[in-house]
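For reference, the structure discussed in these notes is given below.
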Amino acid sequence: MSISRRKFLGWLGVAGISTVLDKRVYAASNKHFSGYPDSGGVLYDNVLCIGCRDCENGCNQVNELPQPDKPFDDLSILDNKRRTSPKAYTVVNRYDGIKDAKGPVYRKIQCNHCLEPACASSCFVKAYTKTETGAVTYDSSVCVGCRYCMIACPFEIPTYEYDKALTPRIMKCTMCYPRLLKGKLPGCVQLCPTEALTFGKRTQLIKTARERIRKYPDRYIDHIYGEHEMGGTSWLYLSGVPFRDLGMREDLGITPAPELTKGALGSVPIIVGLWPAVLTGMYALSKRKEKIAREEKEEAVATALAKASAEAEEKLSKVLTEAEVKNQTAIEGAVKKALGKVADNQTKEGT
Amino acid sequence: MKKRRSLIGLAGILLTVTIVFIYTGRAHLAQEPSGYSKGKRADIVTIDIMSKFGPLERSEVMFLHDLHTETLEKKKKDCTTCHLMEKEDPSLPRPARLSLKFKRHKDLDKQEVMDIYHNECMACHKEMSDEGEKAGPIEACGECHLKETNVSSSQQPIILDKSLHFRHSEANKDTETGEGDCALCHHEYNKSTKKLFYAKGKEGSCRYCHKMVTEENRISVRLASHQACVDCHRKKLDQNKGKTSGGEHVAGPVKCSGCHDLKNQQEIERVKDVPRIKRNQPDIVLIQANGRNPDKQKSTLKMNPVPFDHRAHEQYNDTCIECHHESLDSCTKTCHTQRGSRDGADIQLERAMHQIDAKISCMGCHETKQQDKNCAGCHTFMAKNRKHIESTCLVCHMTPSGGGPENGQKPEVFAGMLLQTRSVLKDTYSDEDIPEKIIIGELMYQYGPVEFPHRKIVKTLVSNIVDNRLAGYFHAEKGTICQACHHNSPETKKPPNCTSCHGRPFDEKNPLRPGLKAAYHQKCIGCHEEMNIEKPSPTGCADCHKIVGLPQL
Chain X
512 MSISRRKFLG WLGVAGISTV LDKRVYAASN KHFSGYPDSG GVLYDNVLCI
562 GCRDCENGCN QVNELPQPDK PFDDLSILDN KRRTSPKAYT VVNRYDGIKD
612 AKGPVYRKIQ CNHCLEPACA SSCFVKAYTK TETGAVTYDS SVCVGCRYCM
662 IACPFEIPTY EYDKALTPRI MKCTMCYPRL LKGKLPGCVQ LCPTEALTFG
712 KRTQLIKTAR ERIRKYPDRY IDHIYGEHEM GGTSWLYLSG VPFRDLGMRE
762 DLGITPAPEL TKGALGSVPI IVGLWPAVLT GMYALSKRKE KIAREEKEEA
812 VATALAKASA EAEEKLSKVL TEAEVKNQTA IEGAVKKALG KVADNQTKEG
862 T
Chain D
119 MKKRRSLIGL AGILLTVTIV FIYTGRAHLA QEPSGYSKGK RADIVTIDIM
169 SKFGPLERSE VMFLHDLHTE TLEKKKKDCT TCHLMEKEDP SLPRPARLSL
219 KFKRHKDLDK QEVMDIYHNE CMACHKEMSD EGEKAGPIEA CGECHLKETN
269 VSSSQQPIIL DKSLHFRHSE ANKDTETGEG DCALCHHEYN KSTKKLFYAK
319 GKEGSCRYCH KMVTEENRIS VRLASHQACV DCHRKKLDQN KGKTSGGEHV
369 AGPVKCSGCH DLKNQQEIER VKDVPRIKRN QPDIVLIQAN GRNPDKQKST
419 LKMNPVPFDH RAHEQYNDTC IECHHESLDS CTKTCHTQRG SRDGADIQLE
469 RAMHQIDAKI SCMGCHETKQ QDKNCAGCHT FMAKNRKHIE STCLVCHMTP
519 SGGGPENGQK PEVFAGMLLQ TRSVLKDTYS DEDIPEKIII GELMYQYGPV
569 EFPHRKIVKT LVSNIVDNRL AGYFHAEKGT ICQACHHNSP ETKKPPNCTS
619 CHGRPFDEKN PLRPGLKAAY HQKCIGCHEE MNIEKPSPTG CADCHKIVGL
669 PQL
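Chains as they are written, first to last, in the numbering used here: chain X, 512 to 862; chain D, 119 to 671.
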């Protein structure tokens, strides 16, 4: 093998650049998802909210959740800050003593039904679906219980039935998807006495929210929470006090969650699909190189051998010839000598 | 071997953490000023004069002025310990006063100013410390030049309202004539003689000349007020030494907190019926834009002029400056003319009077009055920047019924005549025209019908504002008060009811119109909250409803 460390790192760099290039291509292709057309949503206006918990009651009944320990008209429960649970898809919290607020301020918490949900992008079995109604639904039949969605959700909404040993599910607000299909309102919206919850098309809700801010600039913070947060959510919020004072995250940015992981995850197929080919190719190349080298070497050896043997043969033949000549001369000498001797003897005998 | 190494490493980390902890703790202790009371103070003077000569080398000094005044007082020393007296100089436009600067009259040179502070401050501190008394820092730089402090300023600006003005003129009353000595504070500047002089009938707020920062020869209002007020108080204090007029203080405050501490401000006695300040101002004005050609007898304006009760508005406001922000001259004469002028920052008369988000304009001020709990129940729900209906314009822009300046009548006489004819709220429709009770039973699922005490509510709304002149003028029509609930329809004896417009919620054709349930709850609860009506409470469903069933889903 002739891949050096330096070369390997170089290839890795090229692979990295290719993922960046990939992102640019996407950005230039005006591939921007701004939600399904005419999808529904809910506008929560905490200036109109009176903290009666009727929304919690409606949610509980519509979704057939277990009855809570304290009844819904017991408002002492608002003394503590709560979060969503497997038994409550939505909760209302009360915030006292906020600067410049006349009295207590309320905040309703439930799934925000992101336009591009983080839960859905984190789920590898596609248990989550962003439906055309605007609702993000969950299918427990395919869920493997990895709870990646709970980690992925920036609003900490999905909850898990830890107390169920055999069939635990993720529990979260469905925007009453089954009711929406029947043309009914979500349970919480249906029971809200003051229309602090407005149901409608998301595009219209944004217009309504803007109009409220325009008409009452002193009563509202000039911001619609959820219009752009995390790429936009189907649940929108208007508030009379800064959202951070209600514990709502203002650091989320406007990039949808899938966008954040797309670059890295998008390179997975490249790496998984392309890299074996690339590596095999590189392997084959280096193999081929080796083969050629070997062949060349063999040829050279053969030539050298041939040359050497030829030389040796020549030398041998030369030596042989020389030896033959030498032998011949020796023989001739010997013969001559013998002949001479014989002649001498003959002469001796003759004489 | 490995184990031992990791133990040594752990010990090293612990040691570093401890050292850092001790070090920072020490540093914190060192910065804590001795003798400072924690929290908020009204006497913080930030000494950052060196920034005049370039960037600061050390952090500025938080100087607690009252702390020093009190300490000096105990040692029978006075202001001159730190502040130098000016020399009497005929070239000065006014009599000599104490310099507001520490131990100098002018900031001449960086080194000199720095030396004055360092030498003089520390000399005094040392002297005290040698006497065995608690004294300020002597050598450690960081004890004065603190990086961070645990005291913050609670300084409140003091407003010389008409009550305080009256107390000042009473205190300086001439025993013979019985008139206040206005010249003590009010002055004008004579450019040719370069002297200050008193011009009777030309008095005005200090702020008209003394602006936020010093301009040419006019010192800033901050310097002017401290120089004039504190110096005068100090002199009075000296004059009246030993006198105690029935426990009351014999002179105004000389300490920072005396004027700038909120609690002290609230303790300043407020004179209830302050006699009118007389400065040749009119009782009644006819506000009309100056036409382009003042020689023209006939006004070219389309709009009716506004009769304005100047005298009444003097009572409603604490200071003249609330309306007359730049001078006591007429608004319309040179500044806010019909077309605007450079003197009035091109703000036309229309804007000066109607700009609803500027408190200084007529309508802006009237709008703030609507925050009163008797008004807020209805007015909070009226959109800001809404288009006002024509009839409300005519409350001020009264339609003349003869007379007027065009017919040779004096403007103020005409204005007075108009004001007398202005109608005011007395009562609404007679009882038989107001239904006593209304049963609201359109939406009965979970809750039974609501018995709505209609007439009682109408009567309460009327009685709440019947004594308010401003509200009285704008609710003079009998049907106006009904608009509180029966909005967006003409003022009539028989207005449409809620169900005429509000019905099914989330109507796509009328997305901004609440459904019937929300209309009731928003209006009733919203109004009760704004008017601080605790019963029925917003979440006390049973306060209004009888619960008869389960929620309809």
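All C-beta atoms, glycine included, are put in the ideal place defined by N, C-alpha and C.
Practice problem: Check each candidate in D:348, D:347, D:325 and name the one with the smallest Cα separation from residue 338 of chain D. | Solution: For this step, residue 338 of chain D is matched to residue 220 along the second sequence. Considering only alpha carbons, the answer is D:325.
Quiz item: So residue 576 of chain D is in the alpha helix (DSSP H); what residue range does that whole segment cover?
Solution: The residue you call residue 576 of chain D lines up with position 458 of the second sequence. Element bounds for residue 576 of chain D: 572-583.
Quiz item: Between the stretch 728-745 of chain X and chain D, which residues of the former have a C-beta closer than 7 Å to a C-beta of the latter?
Solution: 728, 729
Quiz item: Which one or two residues does DSSP pair with residue 599 of chain X in a beta bridge?
Solution: The residue given as residue 599 of chain X occupies position 88 in the first sequence. Paired residues: X:596.
Quiz item: residue 469 of chain D to residue 592 of chain D, Cα distance in whole Å?
Solution: To locate residue 469 of chain D, count along the second sequence from 1; it is residue 351. To locate residue 592 of chain D, count along the second sequence from 1; it is residue 474. So the alpha carbons of these two residues sit roughly 20 Å apart.
Self-check item: Beta carbon of residue 284 of chain D nearer than 8 Å to that of residue 393 of chain D
Solution: The residue you call residue 284 of chain D lines up with position 166 of the second sequence. The residue you call residue 393 of chain D lines up with position 275 of the second sequence. It is a contact, given that the beta carbons lie within the stated cut-off.
Practice problem: Flag this pair as yes or no: are the beta carbons of residue 602 of chain D and residue 623 of chain D separated by less than 8 Å? | Solution: Here the question's residue 602 of chain D lines up with position 484 in the second sequence. Here the question's residue 623 of chain D lines up with position 505 in the second sequence. The answer is no: Cβ separation not under 8 Å.
Quiz item: Looking at chain D, which residues of the stretch 560-581 of chain X have a Cβ within less than 7 Å of any of its Cβ atoms?
Solution: Correct list: 561, 562, 563, 568, 569, 572, 573.
Quiz item: By Cβ distance, which residues of its chain are closer than 6 Å to residue 757 of chain X, with the 5 residues on each side in sequence left out?
Solution: Mapped onto the first sequence, residue 757 of chain X falls at position 246. Cβ within range, chain order: 606, 618.
Exercise. With DSSP as the reference, label residue 174 of chain D as helix, strand or coil.
Key: Start at 1 with the first residue of the second sequence, and residue 174 of chain D comes out as number 56. Correct three-state label for residue 174 of chain D: coil.
Quiz item: Near residue 479 of chain D, which residues of its chain fall below 8 Å by C-beta distance, leaving aside the five closest residues on each side in sequence?
Solution: Here residue 479 of chain D is taken as the residue at index 361 of the second sequence, counted from 1. The beta carbon of residue 479 of chain D sits closer than 8 Å to those of 469, 470, 471, 472, 473, all from its chain and outside the five residues before and after it, given in chain order.
Quiz item: Leaving out the 5 sequence neighbours to the left and right, which residues in its chain are closer than 6 Å to residue 657 of chain X when beta-carbon positions are compared?
Solution: Here residue 657 of chain X refers to the residue found at position 146 when the first sequence is read from its first residue. Contacts found: none.
Quiz item: Per DSSP, residue 201 of chain D forms a beta bridge with which residues?
Solution: The residue labelled residue 201 of chain D in the question sits at position 83 within the second sequence. Paired residues: D:220.
Practice problem: Could you pull out every unbroken beta strand (DSSP E) segment of at least 3 residues lying fully inside the stretch 616-681 of chain X, listed in chain order? | Solution: 616-620, 639-641, 647-649
Exercise. Taking only beta carbons into account, state which residues of the stretch 685-706 of chain X come closer than 9 Å to chain D, listed in chain order.
Key: 690, 695, 696, 698, 700, 701, 702, 703, 704, 705, 706
Quiz item: Along the stretch 611-629 of chain D, what residues have a CB closer than 9 Å to any CB found in chain X?
Solution: 623, 624, 626, 629
Practice problem: Taking C-beta pairs closer than 7 Å, name the residues in chain D that residue 709 of chain X reaches, listed in chain order. | Solution: Position 198 of the first sequence, counted from the start, is the residue given in the question as residue 709 of chain X. The answer, in chain order, is 624.
Quiz item: Would you report the Cα separation of residue 854 of chain X and residue 844 of chain X, rounded to the nearest angstrom?
Solution: Here residue 854 of chain X corresponds to residue number 343 of the first sequence, with the count starting at 1. Here residue 844 of chain X corresponds to residue number 333 of the first sequence, with the count starting at 1. Whole-angstrom Cα-Cα distance: 14 Å.
Quiz item: Closer than 8 Å, CB to CB, is residue 757 of chain X near chain D or not?
Solution: Along the first sequence, one-based indexing puts residue 757 of chain X at 246. Chain D, which has no Cβ nearer than 8 Å to the Cβ of residue 757 of chain X, makes this no.
Quiz prompt | Per-residue contacts from residue 722 of chain X into chain D (C-beta, under 8 Å) | solution = Along the first sequence, one-based indexing puts residue 722 of chain X at 211. At a beta-carbon threshold of 8 Å, the residues of chain D lying near residue 722 of chain X are 630, ordered along the chain.
Quiz item: Could you check where the alpha helix (DSSP H) with residue 240 of chain D kicks off and where it finishes?
Solution: Position 122 of the second sequence, counting from 1, holds the residue named residue 240 of chain D. 240-248 is the extent of the alpha helix (DSSP H) around residue 240 of chain D.
Quiz item: Tell me the DSSP bridge mates of residue 748 of chain X?
Solution: For this step, residue 748 of chain X is matched to residue 237 along the first sequence. According to DSSP, residue 748 of chain X bridges with X:555, X:736.
Self-check item: Contact set between residue 726 of chain X and chain D, taken where Cβ atoms lie within less than 7 Å
Solution: In the first sequence, residue 726 of chain X corresponds to position 215, counting from 1. What residue 726 of chain X touches in chain D: 501, 502.
Exercise. With DSSP collapsed to three states, give me the class of residue 729 of chain X.
Key: Numbered from its first residue, the first sequence carries residue 729 of chain X at position 218. Of the three classes helix, strand and coil, the one that applies to residue 729 of chain X here is coil, per DSSP.
Quiz item: Given residue 477 of chain D, which residues of its chain have a CB within under 7 Å of its CB, disregarding the five upstream and five downstream residues?
Solution: Mapped onto the second sequence, residue 477 of chain D falls at position 359. Hits under 7 Å: 483, 486.
Self-check item: Contacting residues, own chain, Cβ-Cβ under 7 Å from residue 643 of chain X (five flanking each side not counted)
Solution: Indexing the first sequence from 1 puts residue 643 of chain X at position 132. Excluding sequence neighbours, residue 643 of chain X sits near 547, 550.
Practice problem: Closer than 7 Å by beta-carbon distance: list the chain X residues that pair up with residue 657 of chain D, in chain order. | Solution: Taking the second sequence and counting its residues from 1, the one referred to as residue 657 of chain D is at position 539. Result: 561, 562, 563, 586.
Self-check item: Own chain partners of residue 462 of chain D with C-beta closer than 6 Å, once the 5 adjacent residues on each side are dropped
Solution: Along the second sequence, one-based indexing puts residue 462 of chain D at 344. Same-chain partners within the cutoff: 453, 454.
Exercise. Go ahead and pull the three-state DSSP assignment for residue 154 of chain D.
Key: One-based indexing of the second sequence puts residue 154 of chain D at position 36. Note that residue 154 of chain D scores 43 on pLDDT, short of 50, meaning its location in the model is unreliable and no value can be drawn from it.
Exercise. Please state if the CB of residue 566 of chain D and the CB of residue 664 of chain D are separated by a distance shorter than 8 Å.
Key: As a working mapping, residue 664 of chain D is identified with position 546 in the second sequence. As a working mapping, residue 566 of chain D is identified with position 448 in the second sequence. Yes. Within cutoff.
Quiz prompt | Range covered by the alpha helix (DSSP H) that runs through residue 306 of chain D | solution = Taking the second sequence and counting its residues from 1, the one referred to as residue 306 of chain D is at position 188. Here residue 306 of chain D belongs to no alpha helix (DSSP H); instead the beta strand (DSSP E) covers 306-308.
Quiz item: Is it right to say residue 601 of chain X is buried, meaning 16 or more other beta carbons lie within 10 angstroms of its own, or is it exposed?
Solution: Working through the first sequence from its first residue, we reach residue 601 of chain X at position 90. Under this definition residue 601 of chain X is a buried residue.
Practice problem: Hey, could you find the ends of the alpha helix (DSSP H) residue 180 of chain D is sitting in? | Solution: Your numbering for residue 180 of chain D matches position 62 in the second sequence. First-last for residue 180 of chain D: 179-182, but that is the beta strand (DSSP E), not the alpha helix (DSSP H).
Quiz prompt | 9 Å Cβ cut-off: residues of chain X touching residue 646 of chain D | solution = By 1-based counting over the second sequence, the position of residue 646 of chain D is 528. Those within 9 Å of residue 646 of chain D in chain X number zero; the least Cβ separation is about 10 Å.
Quiz prompt | Counterpart residues of residue 426 of chain D in DSSP-defined beta bridges | solution = For the purposes of this step, residue 426 of chain D is identified with residue 308 of the second sequence, where counting begins at 1. D:403, per the DSSP bridge assignment.
Quiz item: Are three or more beta carbon pairs between the stretch 721-734 of chain X and the stretch 629-638 of chain X nearer than 8 Å?
Solution: Short answer: they don't touch.
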